[in-house]
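*Asks:* Numbering (the numbering used here), first residue to last: 39 to 147.
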Amino acid sequence: MKLIIAIIQDEDTNRLIKTMLQEGFSATKLSTTGGFLRAGNSTLLIGVEDERLDSCFAIIEKICKSRTQKLSSIAPMGGVPITSIGTEVEITVGGATVFILPVEGFKKI
Ligand code: 2BA
Numbered sequence: 039m040k041l042i043i044a045i046i047q048d049e050d051t052n053r054l055i056k057t058m059l060q061e062g063f064s065a066t067k068l069s070t071t072g073g074f075l076r077a078g079n080s081t082l083l084i085g086v087e088d089e090r091l092d093s094c095f096a097i098i099e100k101i102c103k104s105r106t107q108k109l110s111s112i113a114p115m116g117g118v119p120i121t122s123i124g125t126e127v128e129i130t131v132g133g134a135t136v137f138i139l140p141v142e143g144f145k146k147i
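#1: Could one say the Cβ of THR51 lies closer than 9 angstroms to chain D's Cβ atoms, at least one of them?
#2: Nearest-angstrom Cα distance between LYS100 and LYS145?
#3: Just to confirm before moving on: does the CB-CB distance between GLN107 and ASN79 stay below 9 angstroms?
#4: I believe CYS94 touches ILE42 by the beta-carbon criterion, under 8 angstroms. Please report the beta-carbon distance rounded to the nearest angstrom.
#5: For ILE55, collect the residues of the same chain with a Cβ closer than 8 angstroms to its Cβ; drop the 5 residues on either side in sequence, then sort them by chain order.
#6: With 16 as the cutoff for other CB atoms within 10 Å, does VAL141 come out buried or exposed?
#7: Please list, in chain order, all residues of the same chain as GLU126 whose beta carbon is under 7 angstroms from its beta carbon, the five residues on each side excluded.
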């Protein structure tokens, strides 16, 4: 079994959870904040049997879209601005940032 930690955009969250449940996966949603943009995103915890990993990833890939976002010279995290004043930079956020952790045990008590 693996624990999938998937950081996704808020826009994709409801659809991803709905599809996960329809396909027989269990998921827990945490409301999180990206460290760079300081904007809300969602983190899903999904416990998956090894033989179902591929179908779990296929769902994430299908639903989570990458989107571009324009950033002005406002400094993220209150640090050094990433562009010169008056210029904009375009960044691509997502589809999903996925961590895959081995699970030593799983119990429902
Ligand atoms: P944020 O940290 O808010 O980052 C949003 C997007 O900003 C990132 O999209 C990336 O395109 C850009 N970005 C992040 N750090 C940057 C930097 N130092 N310089 C320039 N651009 C930067 P994604 O890479 O798709 O990440 C989306 C969200 O996934 C992140 O939101 C963060 O919440 C999470 N994430 C990404 N990589 C992570 C990691 N290695 N560990 C933990 N969380 C991660």
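Heads up, the beta-carbon is just placed ideally off N, CA and C, and yes, glycines get one too.
*Replies:* Result, derived from the coordinates:
#1: Absent here is chain D; the protein component of the structure consists of one chain.
#2: Within the sequence shown, numbered from 1, the residue matching residue 100 stands at position 62. Within the sequence shown, numbered from 1, the residue matching residue 145 stands at position 107. So the alpha carbons of these two residues sit roughly 30 angstroms apart.
#3: For this step, residue 107 is matched to residue 69 along the sequence shown. For this step, residue 79 is matched to residue 41 along the sequence shown. Contact: no.
#4: Taking the sequence shown and counting its residues from 1, the one referred to as residue 94 is at position 56. Taking the sequence shown and counting its residues from 1, the one referred to as residue 42 is at position 4. With 8 angstroms as the limit, CYS94 and ILE42 qualify as a contact, their Cβ atoms being about 6 angstroms apart.
#5: Position 17 of the sequence shown holds residue 55. Closer than 8 angstroms at Cβ, skipping near neighbours: ALA65, LYS67 and LEU82.
#6: Taking the sequence shown and counting its residues from 1, one reaches residue 141 at position 103. Classification for VAL141: exposed.
#7: Indexing the sequence shown from 1 puts residue 126 at position 88. Contacts found: LYS108, LEU109 and SER110.
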